[in-house]
Amino acid sequence: MNFMTLYDKEFASQPRVARPPIAVVDQDQSTNTRFNTRGRSASRLLTIMTDKIVEQPAKEMPEMKNVKLRMTNLHLHANGVFSNVYRGTLLSPGNSPREIAIKKTWPESRDRNFEMIFLTGISRERHKNIVQMIYAFSNKRDDRICESFVFDFMPDTLGSLIENNTLDLVDMKLYTWQMFNGLQYLCQLQIMHRDIKPVNILVDHPPGLLKIGDFGSAKVVRPGMTSTPYQVTRFYRPPELLLGSETYNWTVDIWSAGCVLGEMIKGNVLFPGRDTKHQLKLIRRALGSPTEADLKSMKVPRPPDPLAERVAGTGLAALLPSARPDVVYFLGKILLYRPRARLGGKEVLRDPFFDSLFREGAKRANGQLISQCITSSDIAEAHSIYGIHLPFREGLYTPLFAAAHNIFRDESKVKTKLSSILMKTKLDFSCDDESKESREVGKDVVKTKPSSKESVEGDGKKRARKSKIGRKSIMMAATNKKSGAERKKKSILKRFKNSQ
């Protein structure tokens, strides 16, 4: 049985000899607390007693295999608005005990299930710099479902390392490269994270490993879709979202990652705005006022009053007076108003800023070789596979959704909006809009799918009436055109397989 104790500030402030006996509460009696601090002081938290062994049926990912988890030393590690994270030791399955983290979440929106679906790893290749779910389970009470995801425990975050001032320039570059490597992987899946910040970047500092975590705000990008601008924690929110743009993509994560790098360099938040207006003011003070072309590129619905007065920026160097010029220059290529101009994708991974990492014999301050953190296969993968813009496999997320969703839901009773978000058709999934290769591939992929209710056949009839060409010849031309696009996509996929 799983036991918990209520930690109380008054109780903890008393001398040990004067404390009353600890009250033990069964977890089933505490479900309504939802294990977070909504509306309460952060000092009042539910923590699991560490001297109990907990058994829990679960699914092993990504094989979806039924297993029984035996866990101990469970206690609250961190808490948030939508979820809490517990730390413990997994006794079995496995040959030896291992440290784990359990994320418990209570999704109020069915759309938040995307996090669970993505992290299962079903139907996709796993990535070194993306946190991986190893088990999943759920508990239900009074029609409320608590979903739990089990991960390998990562002892630190970039936030804690920045706070403790433990990062030198080599480690900054090491973690920045891995962060952008993970973001580029998400880009290939056309997923925007929408909450990149230091506390969501998990780190195992001794071996120098970084993983992007917390996909609670992540979303699949589709051409022409709109999204709420109230996303991304304010300090790391890009200007297009601060200005109300509802048409954005994965480039919002590039801005956030730039702010994270700036925080590593500065030692504290780069743009610590008190509210949206003040956040914009701080950005404008550094970068200057955006031009009309910048606003158009950000797809801002209408310029707000604070931007009416033109201001010349002081530059990022004024915010980072002790930073080396090459560091400021690199950051300046990321923190740009125009989303498409921000340095990202394969270009950022190949930037000369990282050259010192990949020199033969390069080491960290602890004596560890950089090649042990970022291997030659990591570099080859980033430079070759990421250079190819792969179209999504048709229906990738459709079976993924069904398989993962059945773990926690009775499909006959639950209808979700998630399926309308996930991909069902072949679209333009090119990430680098500035790339010629991207434009060519996307162009052909889009042509295979009609853009409105009119089918290719209907469109052919219209052209036939105008040009007095027979319907049969038009349909043959459309078929040949589609076949050509399919051949080009097959060629790209073949290149991808050969590169592995």
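If you're matching positions, the sequence shown starts at 529 in our numbering and goes up one per residue. From the three backbone atoms N, C-alpha and C, an ideal C-beta is built for every residue, glycine too.
Contact check for residue 784 and residue 724: beta-carbon distance about 4 angstroms, within the 8 angstroms limit, so the pair qualifies.
Under DSSP, residue 775 forms no beta bridge with any residue. Distance from the CA of residue 877 to the CA of residue 705, rounded to the nearest whole angstrom, comes to 6 angstroms. The region 733–745 and the region 763–776 do not touch, with fewer than three beta-carbon pairs separated by less than 8 angstroms. Positions of the alpha helix (DSSP H) runs, each at least 4 residues long and wholly inside the region 822–905, are given as 844–847, 853–860, 873–877, 898–901 in order along the chain. Judged by beta-carbon spacing, residue 868 lies within the 8 angstroms limit of residue 825, meaning their Cβ atoms are closer than that value. Per the coordinates, the alpha-carbon of residue 849 lies some 9 angstroms from the alpha-carbon of residue 794. Annotation for residue 797: 763, 791 place their beta carbon closer than 7 angstroms to its own, counting only its chain and skipping 5 residues before and after. Residue 691 sits exposed, since fewer than 16 C-beta atoms from the chains shown fall within 10 Å of its C-beta. Residue state for residue 679 is assigned as strand, using DSSP reduced to three classes. Below 8 angstroms, enough C-beta pairs join the region 616–629 and the region 586–604 to call them touching: three or more.
In this structure residue 601 touches residue 616 by the C-beta definition: roughly 5 angstroms separates them, less than 8 angstroms.
In the displayed model, residue 645 falls within a helix according to three-state DSSP. Annotation: residue 810 is outside any beta strand (DSSP E); the continuous alpha helix (DSSP H) that includes it extends over 804–815. Cβ atoms of residue 722 and residue 760 come within 8 angstroms of each other, at about 6 angstroms. Counting C-beta pairs with one atom in each stretch, the region 661–679 and the region 627–635 have three or more that are closer than 8 angstroms, which means they touch.
Of the other Cβ atoms in all chains shown, 16 or more fall within 10 Å of the Cβ of residue 744; this residue is therefore buried.
With a 10 Å radius around the Cβ and a threshold of 16 neighbouring Cβ atoms, residue 799 comes out buried. Residue 756 counts as exposed, since fewer than 16 other beta carbons sit within 10 angstroms of its beta carbon.
Between residue 907 and residue 886 the beta-carbon gap is near 7 angstroms, inside 8 angstroms, which marks them as a contact. Following the DSSP letters along the chain, one finds residue 622 in no alpha helix (DSSP H), marked with neither H nor E.
Taking a contact as a CB-CB distance under 8 angstroms, the pair residue 789 and residue 859 counts as one, their CB atoms being some 6 angstroms apart. With respect to the C-alpha of residue 653, the residue from 714, 675, 699, 612 having the closest C-alpha is 714. By DSSP's assignment, residue 764 forms no beta bridge with any residue. Under the criterion of beta carbons closer than 8 angstroms, residue 901 and residue 702 qualify as touching, at roughly 6 angstroms. Inclusion of residue 786 and residue 814 in the CB contact set at 8 angstroms is not warranted, their separation being larger than that value.
Counting along the chain, residue 714 sits inside the alpha helix (DSSP H) bounded by residues 697–716. In this structure, residue 779 lies away from residue 729, with their beta-carbon atoms at least 8 angstroms apart. The Cβ neighbour count for residue 676, taken over all protein chains shown within 10 Å, is at least 16; the residue is labelled buried.
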